[in-house]
Amino acid sequence: MYFRAKAQCPECQGFHCRKSRWLSSEEKQSNPELSPYRCLDCSHRFLRPRKKELPGERWIPVIVTLVAVIFVMAVTVPWLIEPESFYRAIYSMVYSILPSNTNVSQGNASASSSQASASLGIASASSANAIVSLSKASVSPGEILNDPELRQAAENGDPVAQFRLGRALFQDPAHTDKTSALAVRWLEAAAEGGNIDAMIYLGRVFQTGVGILQNFSQASRWINTAAMRGSIEGMLEMGLLYRDGVGVQKDYVKAYAWLNRAAAARNIDAVREREAIAHMLTPDELKEAQRQSSLLGHENDESRTKNAQVNK
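For what it's worth, my numbering labels the leading residue of the sequence shown as 5, then goes sequentially.
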């Protein structure tokens with residue numbers, strides 16, 4: 005028999021712990037055999053040895069994926085080959101299960117079956133068009149970088165085009181230090197133009213330090229800007245930055261305030277993090293955190309109004 009020991013907090017000796025995130029790439033590289041954890045009772049962050057893999061455990065995701073692929077193929081292949089016959093068979097099977105006193109005549113059933121098949125034929129055509137549209141939308145970084153219209157739009161000051169160009173430069177497998185610097189310039193131009201996606205992207209690359217020099221101050225700056233403009237992801241990230249003290253002074257009250265805003269917008273991760281922070285606050289601190297959260301809502305509304313006026 006094999007058993008996995010639960011992570012135990014060395015500070016309070018509690019077992020209510022979960023995996024945490026690496027604070028930097030340097031920390032991850034210097035601890036190859038360890039994993040970060042955070043205690044949900046006392047918020048203490050610690051490192052412990054990685055869990056040993058159980059026999060055969062590495063094959064579980066592969067098996068689950070294969071089963072899912074086989075199931076999807078079994079359902080979709082007949083529909084793709086001959087959708088009308090496939091759905092006619094399903095329709096007939098459903099009617100064969102119904103009781104005999106349903107007062108549905110065979111003629112009506114056939115007519116309904118034909119109508120359903122025709123409708124499904126239209127639906128299948130619409131689905132095919134949607135799939136083609138999605139495939140066109142999934143453009144590789146190389147195609148984006150070689151798109152003259154996109155580059156021209158970026159040079160003309162379009163924030164969306166600037167964001168797409170900057171992100172593509174970061175994602176390009178052949179990127180260098182020069183292209184990384186150029187990517188940052190495009191992303192900063194997009195962020196300064198009001199593109200929230202660019203703000204979040206900049207905050208994350210500055211926080212991880214992958215492709216550019218790590219800079220927690222810049223990370224918190226851009227994430228805070230996105231959060232103040234109503235970004236749910238920005239609110240979640242700001243809460244985590246205040247919780248961990250990354251780029252800002254550690255402050256559980258402010259962490260709760262931001263996480264509360266994100267949780268109110270139905271972000272599930274924020275709900276979990278907010279509850280963990282709440283257990284570490286006194287009643288007075290919790291009251292103050294909720295008051296600050298309400299004030300953040302008014303500030304966000306004012307910021308969105310100003311942005312709308314500028315865009316006009």
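We put the CB at the ideal spot given by N, CA and C, even for glycine.
Exercise for the section: Can you give me the Cβ contacts of D201 inside the same chain, cut-off strictly under 7 Å, excluding the 5 residues immediately before and after it? Expected result: F167
Handout entry: Beta-carbon gap between E237 and V257 smaller than 8 Å
Key = no
Exercise for the section: Quick one: grab the DSSP three-state call for F50. Expected result: strand
Problem - Inter-residue Cα distance where the pair is L153 and G207 - result: The residue you asked about is not Leu; residue 153 is Glu in the sequence shown. Cα to Cα, E153 sits roughly 27 Å from G207.
Practice task
May I have the straight-line CA-CA distance separating M242 from M77, to the nearest angstrom?
Solution key: 42 Å
Handout entry: Extent of the continuous beta strand (DSSP E) run through R22
Key = C21 to K23
Problem - Endpoints, the alpha helix (DSSP H) within which L240 is located - result: I236 to D248
Handout entry: N- and C-terminal bounds of the beta strand (DSSP E) containing P40
Key = L38 to C43
Exercise for the section: Select from I216, R247 and T212 the residue whose C-alpha is nearest the C-alpha of W26. Expected result: T212
Problem - F210 vs A223 beta-carbon contact at 8 Å - result: yes
Practice task
Kindly examine the ligand NAP and report whether one of its heavy atoms sits closer than 7 Å to the Cβ of Q166.
Solution key: The ligand NAP is not part of the structure shown, which contains no ligands of any sort.
Practice task
Less than 8 Å between the CB atoms is what I'm expecting for V275 and A267, so what's the real figure, rounded?
Solution key: 4 Å
Practice task
Have a look at V188 and L169 and give me their C-alpha separation to the nearest angstrom.
Solution key: 10 Å
Problem - Beta-carbon spacing of A261, S297 below 8 Å - result: yes
Exercise for the section: State the Cα-Cα distance for the pair C16 and F220, rounded to the nearest angstrom. Expected result: 29 Å
Practice task
Could you have a look at W26 and say whether DSSP puts it in helix, strand or coil?
Solution key: coil
Problem - CA-to-CA distance, D176 to A151, given in whole angstroms - result: Correcting the residue identity first, residue 151 is Asp in this sequence and not Ala. About 14 Å.
Handout entry: Selected residue, minimal CA-CA separation from C13, among L38, E31, H48 and N35
Key = H48
Handout entry: Between the CA atoms of R155 and R42 - distance to the nearest angstrom
Key = 44 Å
Exercise for the section: Taking Q211 as part of the alpha helix (DSSP H), name the residues at either end of that continuous run. Expected result: I200 to T212
Practice task
Count the other CB atoms, across all protein chains shown, that sit within 10 Å of the CB of R247; report buried if there are 16 or more and exposed otherwise.
Solution key: buried
Exercise for the section: Look up R270 in the DSSP assignment and say whether it is helix, strand or coil. Expected result: coil
Problem - Spatially closest choice to G234 from I216, G198 and V214, by CA coordinates - result: G198
Handout entry: Between the CA atoms of L240 and S29 - distance to the nearest angstrom
Key = 21 Å
Practice task
Measure the C-alpha to C-alpha separation of V214 and P40 and round it to an integer number of angstroms.
Solution key: 19 Å
Handout entry: Nearest-angstrom Cα separation, counted from L70 out to G249
Key = 42 Å
Problem - K254 - DSSP class collapsed to helix/strand/coil - result: coil
Exercise for the section: Enumerate in chain order the residues of its own chain whose CB-to-CB distance from A280 is below 6 Å, with the five nearest sequence positions on each side excluded. Expected result: L44
Handout entry: Sub-8 Å separation of L285 and A293 beta-carbons
Key = yes
Problem - Continuous alpha helix (DSSP H) stretch holding K182: start and end - result: D181 to E196
Problem - Whole-Å CB distance - L38 paired with R22, under 8 Å assumed - result: That pair is no contact at about 15 Å.
Handout entry: Rounded separation between G251 and C46 - CA only
Key = 22 Å
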